[in-house]
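I have placed the structure first, in the form of structure tokens, so that the comments after it can refer back to it.
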Amino acid sequence: MGRKKIQITRIMDERNRQVTFTKRKFGLMKKAYELSVLCDCEIALIIFNSSNKLFQYASTDMDKVLLKYTDYEGNIAFLLRELGAGKATLSELLSTGCDVGKFYRQ
Numbered sequence: 001m002g003r004k005k006i007q008i009t010r011i012m013d014e015r016n017r018q019v020t021f022t023k024r025k026f027g028l029m030k031k032a033y034e035l036s037v038l039c040d041c042e043i044a045l046i047i048f049n050s051s052n053k054l055f056q057y058a059s060t061d062m063d064k065v066l067l068k069y070t071d072y073e074g075n076i077a078f079l080l081r082e083l084g085a086g087k088a089t090l091s092e093l094l095s096t097g098c099d100v101g102k103f104y105r106q
């Protein structure tokens with residue numbers, strides 16, 4: 001018998017949300033480590049919690065991985081596409097009179 005499937009929505013109880021964050025953060029970091037070992041790849045994982053506290057994992061030196069990422073030419077096209085999509089979404093939200101700050105906090 002498998003595990004019960006949970007609904008992916010924001011956890012309203014702050015204590016439960018913090019416990020879930022801690023457990024899932026650990027699980028995510030463990031998976032990142034396993035992937036780096038099994039596949040001999042470089043991994044950089046950056047997480048900010050709701051209080052803006054930084055958690056990070058890197059299979060090698062974090063600065064080197066981030067520098068490699070920023071130097072990667074394919075990222076420029078990706079970032080430009082994302083920027084364009086973000087501008088389109090923002091324009092659409094503004095035209096409907098939506099409270100943009102409230103939309104992005106959801």
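The numbering of the sequence shown is the UniProt record's numbering, which starts it at 1 and goes up by one. A virtual CB, placed ideally from N, CA and C, is assigned to each residue, including glycine. From a predicted model like this one, the values you see are computed outputs, not experimental measurements.
Excluding sequence positions up to five away, which residues of its chain have a Cβ less than 7 Å from the Cβ of R17? Within the same chain, I11 come within 7 Å of R17 by CB-CB distance, once the 5 residues on both sides are set aside.
From the DSSP output, which residues share a beta bridge with F48? DSSP, once it has assigned bridges, lists L54 as partnering F48.
Could you tell me the alpha carbon to alpha carbon distance between Y57 and A88, rounded to whole angstroms? Spanning the two alpha carbons is a distance of roughly 33 Å.
Take F48 and list the residues in its own chain whose beta-carbon comes closer than 8 Å to its own, dropping the five residues that flank it on each side. When the five nearest sequence neighbours on each side are left out, the beta carbons in the same chain lying within less than 8 Å of the beta carbon of F48 are those of L54 and F55, in order along the chain.
DSSP on Q7, reduced to helix/strand/coil? The answer is coil: DSSP assigns Q7 none of H, G, I, E or B.
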